[in-house]
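Okay, so the sequence shown: first residue is 4 according to my numbering, each after it adds one. Backbone N, C-alpha and C define an ideal beta-carbon position, used for all residues, glycine too. Below is one structure, written out as structure tokens; the observations come after it.
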Amino acid sequence: MSKTDLGIYVHIPFCVKKCDYCDFPSGVASLDEQAYYIRVLKKEIRSFEPLGNLYRVKTLYFGGGTPSILDPVQLQRIVDQLKDQYEFAEDAEATIECNPGTLNEEKLSAYREMGFNRLSIGLQSANNEELAILGRIHRYQEFEDNYKLARKLGFDNINVDLMSALPGQTMDLWKNSLEKVAELEPEHISAYSLTIEEGTPFYQKYSTLDGQRMLPTEREDRGMYHFTKEFLEEKGYHRYEISNYAKEGKESRHNMTYWNGGSYVGFGLGAASYLNGKRFSNTKDKHEYWEDAKNAYQNYRLTDAQTEQATMEEFMFLGLRMMKGISPQEFEEKFHQDFGTIYGRAVEKLKMQGLLEEEGGRIRLTERGIDVSNQVLVEFLL
């Protein structure tokens, strides 16, 4: 029996210091708490052992938090357990998120030996003042040193994360970050606009009227976004998703699994999964997670499959994030319903407004549509 392709996400929720803008389930933890979490995490992974007969791993992604905070021995134990339970494709993409200031030659060499073939480095800004505002623990030189060391050790697929529309950021400062990173020629660049999330220190500081004045205007934010596309295109990167740019053939295969509606399972605090038509997530409460982990597979089995309506909506939401857009033909093959009957009116309305365009049998966002993508996607709620 042929196995279905699977993406695996592993959440490591530990940080040296939690950044002031971050609302992910992560934070500072003692070495004892880290060791206990890993034991619990391995129990959760073990509970999903039956999946090994059905799925073959095409992508593996360790995210956080800061996975690179772990001792390589701890990381190795998790990887070993996954490889004991699952068949990995020969060309599997294996990514680990790393933060500058937590890397060294020993760790990077260990990642290579474990089979990680892609790094995602969280730079965010090449300006040290902006890094301090964000609450990052590193400075630009640490990032550059880590990046060059990774290249020296043989990593040939590296993503760099950048963040625009920061407090006090000007177009010139943003251009400087892009130029410095592009000079290093990473294979992939993720360029996100800052989102002020409720419950974070940034929300307390920048959600007030006075705080909002410290942020770039919406027009300035959009200006940074459009410059990013034009500048990176000139440097040989194509935008394949709203906020992601890659050299040819270097798109994030793990993230493409999400956007294309593929199967994936998430292990760890707050991790999300989509298996056999069921979408489910782990609790973000660490004490509840510790209790739930050993019965995680049983809880998945008891989960109801997602409704067809919700799956149709996600087909549109996720597909339109990608620059290639969605195919009505693929929609009809997947759902056995006429695309025009379900979404024809919404599509025609948005095309008339200049927010969608159709070419080569696919429907995608226009540049104007990208600028108001949240408004566009609301139209596809059934």
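Subject >> Proximity to residue 56 [Cα-Cα], best of 383, 33, 6 and 100 >> reply: Out of 383, 33, 6 and 100, the CA that lies nearest to the CA of residue 56 is found in 6.
Subject >> Reference residue 256, options 207, 284, 325 and 285, closest by Cα >> reply: 325
Subject >> Among 100, 49 and 186, nearest to residue 63 - alpha-carbon criterion >> reply: The shortest Cα separation from residue 63 among 100, 49 and 186 belongs to 100.
**OP:** Inspect the beta-carbon positions of residue 327 and residue 365 and report whether they are closer than 8 Å.
**Re:** Against a cut-off of 8 Å, the Cβ pair of residue 365 and residue 327 comes out as a contact.
Original post:
Going by beta carbon distance, what residues of the same chain come within less than 8 Å of residue 224, once the five residues before and after it are set aside?
Top reply: 167, 168 and 196
Original post:
For residue 301, does the count of other Cβ atoms within 10 angstroms reach 16, so buried, or fall short, so exposed?
Top reply: exposed
**OP:** Taking 8 Å as the cut-off, decide whether the C-beta atoms of residue 165 and residue 127 are in contact.
**Re:** Yes. Within cutoff.
Original post:
Is it buried or exposed for residue 172, if we count other Cβ within 10 angstroms and need 16 for buried?
Top reply: buried
Subject >> Three-state secondary structure assigned by DSSP to residue 217 >> reply: coil
Original post:
If we ignore side chains and look at the alpha-carbon of each, how far apart do residue 355 and residue 322 end up?
Top reply: 20 Å
Original post:
Beta carbon of residue 141, beta carbon of residue 66: below 8 Å?
Top reply: no
**OP:** Express the C-alpha separation of residue 139 and residue 217 in angstroms, rounding to a whole number.
**Re:** 19 Å
Original post:
Would DSSP call residue 208 helix, strand or coil?
Top reply: helix
Original post:
Per DSSP, which one or two residues make a beta bridge with residue 127?
Top reply: 165
**OP:** Pull up the DSSP beta-bridge partners for residue 281, would you.
**Re:** 278
**OP:** Would you mind working out which of 210, 286, 22 and 58 sits nearest residue 266, comparing C-alpha positions?
**Re:** Selected option, being the one with the closest Cα: 58.
Original post:
What are the boundary residues of the beta strand (DSSP E) that includes residue 61?
Top reply: 58 to 67
**OP:** Starting from the Cα of residue 369, find the closest Cα among 376, 295, 359 and 363 and give me that residue.
**Re:** 359 is the residue among 376, 295, 359 and 363 whose C-alpha sits nearest the C-alpha of residue 369.
Subject >> Any 3 or more C-beta pairs closer than 8 Å across the stretch 44 to 55 and the stretch 306 to 321 >> reply: no
**OP:** Report buried or exposed for residue 233, applying the criterion of at least 16 other Cβ atoms within 10 angstroms of its Cβ.
**Re:** exposed
**OP:** Count the other C-beta atoms from every protein chain shown that fall within 10 angstroms of the C-beta of residue 125, then say buried if there are 16 or more, exposed otherwise.
**Re:** That one is buried.
Original post:
Where does residue 361 fall in DSSP's three states?
Top reply: strand
Subject >> residue 71, enclosing beta strand (DSSP E) - first and last residue >> reply: That residue, residue 71, is in no beta strand (DSSP E); it is neither H nor E in DSSP.
**OP:** Report back the beta-carbon spacing between residue 230 and residue 183 to the nearest angstrom; my notes put them in contact at under 8 Å.
**Re:** Beta-carbon to beta-carbon, residue 230 and residue 183 are separated by about 15 Å, too far to satisfy the 8 Å threshold.
Original post:
In or out: residue 68 buried (at least 16 other Cβ within 10 Å) or exposed?
Top reply: buried
Subject >> Separation of residue 353 from residue 377, as counted between CA atoms >> reply: 13 Å
Original post:
Does the stretch 198 to 215 touch the stretch 153 to 165, meaning 3 or more C-beta pairs lie closer than 8 Å?
Top reply: no
Original post:
Quick one, are the C-beta atoms of residue 71 and residue 34 less than 8 Å apart?
Top reply: no
Subject >> Span of the alpha helix (DSSP H) around residue 81 >> reply: 75 to 88
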